[in-house]
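Engineer: Everything in the sequence shown is counted per the working numbering, starting at 1 for the first residue and increasing by one. Think of the CB as a built atom: it goes at the ideal place given N, C-alpha and C, for glycine as much as any other residue. Keep in mind it's a predicted model, so treat the numbers as computed, not measured.
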Amino acid sequence: MVQPRGADRATTSRGSRGTYRVGVAVVLGIETSCDETGVGLVADGVLLGDALASSVDEHVRFGGVIPEIAARAHLEALGPTVDAALADAGLA
Numbered sequence: 001m002v003q004p005r006g007a008d009r010a011t012t013s014r015g016s017r018g019t020y021r022v023g024v025a026v027v028l029g030i031e032t033s034c035d036e037t038g039v040g041l042v043a044d045g046v047l048l049g050d051a052l053a054s055s056v057d058e059h060v061r062f063g064g065v066i067p068e069i070a071a072r073a074h075l076e077a078l079g080p081t082v083d084a085a086l087a088d089a090g091l092a
């Protein structure tokens, strides 16, 4: 279970994202479509943080998505996108 730094044992607030209970599981969702890599973190039904990376600019010159290029772009984007979502959630 994840408890953000400085949180009390009962609840912690997340500003505009609402309030969620400490001690619930934090779920990491990863979506990799053709030209985007998305990451979201949810706890107790509340979105804690999210981030999106796009590789659309890499595909424009080819006139469409090239699977090899898309796969490489997802690999390069995944770590930084997870880090950004964790930071957005206040869990980094």
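CB-CB under 7 Å to serine 16, same chain, minus the five flanking residues each way: which ones, in chain order?
Structural biologist: Note that serine 16 has pLDDT 49, beneath the 50 cutoff, so the model's placement of it is unreliable and the number below is only indicative. Cβ within range, chain order: n/a, list empty.
Engineer: Write down the C-beta distance between alanine 84 and serine 55 rounded to the nearest angstrom, noting that I regard them as a contact closer than 8 Å.
Structural biologist: Alanine 84 to serine 55, Cβ: 15 Å. No contact.
Engineer: If distances are taken between C-alpha atoms only, which option among Ala25, Glu76 and Phe62 comes closest to alanine 43?
Structural biologist: Taking only the C-alpha atoms, the option nearest alanine 43 is Ala25.
Engineer: Tell me whether valine 65 sits in a helix, a strand or coil according to DSSP, three-state version.
Structural biologist: Here valine 65 sits in coil by DSSP.
Engineer: Under the DSSP definition of a beta bridge, which residues are partnered with threonine 37?
Structural biologist: BP columns for threonine 37 point to Thr32 and Ala53.
Engineer: With a CB to CB cut of under 6 Å and the five nearest residues on each side skipped, what residues in its chain are close to glycine 49?
Structural biologist: For glycine 49, where only same-chain residues beyond five positions count, the Cβ hits under 6 Å are Leu41, Ala85, Asp88 and Ala89.
Engineer: What does the alpha-carbon distance come out to for the pair threonine 81 and leucine 28?
Structural biologist: Cα to Cα, threonine 81 sits roughly 12 Å from leucine 28.
Engineer: Rounded C-beta distance between alanine 53 and glutamate 36? I'm assuming under 8 Å.
Structural biologist: Right, their Cβ atoms sit about 7 Å apart.
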